[in-house]
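Peer 1:
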Amino acid sequence: MAILVSGGTGFIGSHTCVELLNKGEEVIIFDNLSNSKREVVGKIERITGKKAKFYKADMLDKDALEKIFGENDIEAVVHFAGYKAVGESVHVPLKYFENNIVGTIYLCETMKKHNCKKMVFSSSATVYGMKNKSPLSEEMPLSVTNPYGRTKLMIEDMLRDICTADSEWGVMLLRYFNPIGAHKSGLIGEDPNGIPTNLLPNIVNAVTKKNGPLKVFGSDYPTRDGSCVRDYIHVEDLAAGHVCALKELRRRNGIEAVNLGTGNGYSVFEIIDAFEKVNGVKVPYEIVGRRDGDVAECYANPEKAKRIFKWNATRGISEMCADLWNYVLTNRK
Ligand code: WQD
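Counting with the working numbering, you get residues 4 to 336 for the letters of the sequence shown.
1) Sort VAL80, ASP234, SER17 by Cα distance to VAL44 and report the nearest one.
2) Verify whether the separation of the beta carbon atoms of TYR151 and ASN208 is less than 9 Å.
3) Given 8 Å as the limit, is there contact between the stretch 255-264 and the stretch 185-201, that is, 3 or more CB pairs closer than that?
4) Distance, Cα to Cα, GLU78 vs ILE71?
5) Please name the residue, chosen from ASP66, LYS313, ASN149, that lies closest to SER92 on a Cα-to-Cα basis.
6) Within the same chain, show all residues whose beta-carbon is closer than 6 Å to that of GLU273, passing over the 5 residues directly before and after it, in chain order.
7) Mark LYS280 as exposed unless 16 or more other C-beta atoms lie within 10 angstroms of its C-beta, in which case mark it buried.
8) How would you label ARG293, buried or exposed, when you count the other beta carbons within 10 angstroms and need 16 or more for buried?
9) The beta strand (DSSP E) with PHE57 in it runs from where to where?
10) Helix, strand or coil: which one does DSSP assign to ALA303?
11) Mind checking whether the beta-carbon of THR265 lies closer than 8 Å to any heavy atom of the ligand WQD?
12) Report all residues from its chain with a CB closer than 6 Å to the CB of ALA60; omit the five preceding and five following residues, and keep chain order.
13) What's the call for VAL105, buried or exposed, on a 16-neighbour Cβ count within 10 Å?
14) Let's see if you can read the secondary structure: which residues bound the beta strand (DSSP E) around PRO182?
15) For PRO128, verify whether its CB is less than 8 Å away from any heavy atom of the ligand WQD.
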């Protein structure tokens, strides 16, 4: 039976496909390529030496979903597909609600029709909102402050209700912290369309002088050096966490929310420093005002993943920065 990966040519999706194929799973990818490239499929196959069936499809296209499930014997879905730009979501909330929520409803309806009731869902630490104090644990109260985060929380709640209604469903809600880095081969990595908003792609752009110096959003936070602290996790560690989640779903049904983070927080200035040291480059930056919606500190309590998945992140900040820079150098135009 196959594992269907929605959004499988994206940053985390592609790295998870590599992990799944390397573990001997049959992988089918569907992606609408709105924020990734078709060539990633070939790179996944080059890294693993294995084939992955690909469908260019949109989860809002019910006929396309029906075709995928009708043509394949699918055991479980690893669900990455969705828009994920926090800032954009504030301006076009309906685009995010329709794509992320309605799309997931169509996906779940098609899964149910074909008796496929296992899902690993790509959730986010953003569901912890701004009131909880790090380290963040899964049982903490949830709240959101932007439409992107609301789609993640609404999908979590929807999946909780589906599991309550039908005990045959098994769902893992994986709450990511800050995924960065790239596959060691340099063949796949974070390749966002448009102007990136996340820190590491903007550090890369500052080093390569693509759009001027990095803007550091605030140095007056109540943290050890005044800049925001986040839990950066290597994308390959994150991918490994998805394989563990799938293995757990083969053991049992029901629903669990699980943090995928390192439990260590690093500030913006510490990331800049690490990036410069490990790669022998200079990151030009300027300190500007705080960015709306940023919290001072956000990092995981990683204990639950250790307990139920026997998983923990193993790669450190230097390796994350080195692997990202290797990807940039390998793919520079
Ligand atoms: C990290 C830190 C910024 C850019 C977001 C989403 C979250 C998840 C991960 C999807 C912050 C600072 C950033 C820059 C900066 N995405 N920064 N200059 O905001 O922690 O999380 O991405 O699941 O849902 O909210 O990540 O990389 O944008 O910011 O100073 O040019 O870097 O202020 O402190 P964030 P980020």
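Ideal Cβ placement from N, Cα and C applies to all residues, glycine included.
Peer 2: Short version:
1) Within the sequence shown, numbered from 1, the residue matching residue 44 stands at position 41. Closest option to VAL44, Cα to Cα, is SER17.
2) Here the question's residue 151 lines up with position 148 in the sequence shown. Here the question's residue 208 lines up with position 205 in the sequence shown. Result no, Cβ atoms of TYR151 and ASN208 do not sit closer than 9 Å.
3) Flag = no, the stretch 255-264 and the stretch 185-201 do not touch.
4) Counting from 1 along the sequence shown, the entry for residue 78 is found at position 75. Counting from 1 along the sequence shown, the entry for residue 71 is found at position 68. Cα to Cα, the separation comes out at about 13 Å.
5) Residue numbering aside, residue 92 sits at position 89 when the sequence shown is read from its first letter. The candidate whose alpha carbon is nearest that of SER92 is ASN149.
6) As a position in the sequence shown, residue 273 is number 270, starting the count at 1. Closer than 6 Å at the Cβ level, and outside the excluded window around GLU273, lies no residue.
7) Position 277 of the sequence shown, counting from 1, holds the residue named residue 280. Its Cβ having fewer than 16 others within 10 Å, LYS280 is exposed.
8) What you label residue 293 is simply residue 290 of the sequence shown in a count that begins at 1. With fewer than 16 Cβ atoms within 10 Å of its Cβ, ARG293 is classed as exposed.
9) Translated into the one-based positions of the sequence shown, residue 57 becomes position 54. Where PHE57 is concerned, the enclosing beta strand (DSSP E) stretches over 56-59.
10) One-based indexing of the sequence shown puts residue 303 at position 300. DSSP places ALA303 in strand when its eight states are reduced to three.
11) As a position in the sequence shown, residue 265 is number 262, starting the count at 1. Flag unset: Cβ of THR265 not near the ligand WQD.
12) Taking the first residue of the sequence shown as position 1, residue 60 is located at position 57. So the qualifying residues of the chain are PHE33, ALA67.
13) By one-based count along the sequence shown, residue 105 stands at place 102. It counts as exposed.
14) Here residue 182 is taken as the residue at index 179 of the sequence shown, counted from 1. Counting along the chain, the beta strand (DSSP E) containing PRO182 begins and ends at 181-183.
15) Within the sequence shown, numbered from 1, the residue matching residue 128 stands at position 125. It should be pointed out that residue 128 corresponds to Ala in this sequence rather than to Pro. Yes, the ligand WQD has a heavy atom inside 8 Å of this Cβ.
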